[in-house]
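S.K.: Chains as they are written, first to last, in the working numbering: chain H, 382 to 517; chain X, 644 to 804. Glycine residues also receive a C-beta, built at the ideal position from the N, C-alpha and C atoms. Take this structure first; my questions come after.
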Amino acid sequence: MITKMNHVSIFVLDQTSAHDFYVNKLGFKVNTDAEMGPGKRWLTVNPPDQPDLEITLMLVDDGMMFNKESAQKMRDLVKNGTFGFGVFQCDDLRATYEEMKAKGVEFTKPPTEEFYGYEALFKDDSGNWFSLGQKK
Amino acid sequence: MEQYPRQYLYLRTVRAKLFIDANFASDIDLDKIADEACFSKFHFVRLFKSIYGKTPHQYLTHVRIERAKEYLADGQTVAYACFKVGFDSISSFTGLFKRRTGLTPRQYQLEQLNFKESVAAKPLHHIPGCFAEKKGWKKNSNFREVQSIDVNSEAENNESL
């Protein structure tokens, strides 16, 4: 019986930049940072209140999960904002939105009331987009 | 408070939070923050707590302890971490740290340093097997691609001959 998810991957274009974005702009904590050969790391972060969920900041690179051709395709897709890898939750959307904006995070949708709650959309430094929600 | 629109008060409170984030190591006067936010301390504390779940003072302590954890995990001394984040007494810092984390600063540090040492020495123990298996790292824990490892293995075999 499956009980929970403990690892999920987000594909990023640059792990140093992603580390800065997820730690300094989103406030996530580094869980594991292991060298994986030249220029590559196994880098996972936890959302502040979720220490048992590791988000792997997976480098799109032909030495990792892709061959050269598929890595280039994947990089283009990520950069063009093709992927929405998930929904983050906060207690106070308006305050979180103001704080993230002050830190330079790009939003594609400001806090908006929807039938399912309050929602904003933002992009990470690679181009991935996420929903940021607050329950009603 | 009614003279200000709610959006304005939100912005001021978020700015106060960001001010604490940036200046936690200094001797922050929380009364002064309320003054600068241009509303009464009572309303400021109430709004801050409604947004962040903590009073400004509780939040400041939280930020200091979290930063101290990072210094300790980096191998800095307990005294260094204590003073660097803005506490002025090691004994009160140690007591507060233990109440918040369940560990003394030194115990926390040993736990973190052991974890880092383990990640450096045996990275595969910290990577889900599926990724490692897919790339052949389980057999060859130095993270080289299977193809190049095969070449190296051959070289090693030749050397052993």
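(1) Could you name each continuous beta strand (DSSP E) segment of 3 residues or more that falls completely within the region 414–464 of chain H, going from the start of the chain to the end?
(2) Using 8 Å as the limit for Cβ to Cβ distance, is THR413(H) near chain X?
(3) Please identify the residue among SER507(H), PHE392(H), THR384(H) whose C-alpha is closest to the C-alpha of PHE447(H).
(4) Among ASP442(H), LYS482(H), LEU434(H), which has the Cα closest to the Cα of GLN396(H)?
(5) Could you work out which residue in GLU500(H), GLY508(H), THR425(H) is closest to ASP567(H) when comparing CA atoms only?
(6) Once the 5 residues before and after ALA716(X) are set aside, which same chain residues still bring their CB inside 6 Å of it?
(7) Within a Cβ cutoff of 6 Å, which residues of the same chain sit near VAL486(H), ignoring the five residues on either side of it in sequence?
(8) Anything in the region 460–486 of chain H with a Cβ closer than 7 Å to a Cβ of chain X? List those residues in chain order, please.
(9) For ASN387(H), count the other beta carbons within 10 Å of its own beta carbon; 16 or more makes it buried, fewer makes it exposed. Which is it?
(10) Can you give the Cα-Cα distance for VAL706(X) and PHE667(X), rounded to whole angstroms?
(11) Report the residue from THR384(H), LYS385(H), SER390(H) whose alpha carbon sits nearest the alpha carbon of GLY467(H).
(12) Out of THR704(X), ILE708(X), TYR702(X), HIS768(X), which has the shortest C-alpha to C-alpha gap to TYR751(X)?
M.R.: According to the structure data:
(1) 422–427, 435–440
(2) yes
(3) PHE392(H)
(4) ASP442(H)
(5) Nothing can be reported for residue 567(H), as the shown portion of chain H is limited to 382 through 517.
(6) In the same chain as ALA716(X), and ignoring 5 residues on each side of it, the C-beta atoms closer than 6 Å to its own belong to GLN755, in chain order.
(7) Around VAL486(H): LYS406, PHE503.
(8) So the list reads ASP472, ASP473, ARG475, ALA476, GLU479, GLU480, ALA483, given in the order they occur along the chain.
(9) Flag for ASN387(H) reads exposed.
(10) 7 Å
(11) SER390(H)
(12) ILE708(X)
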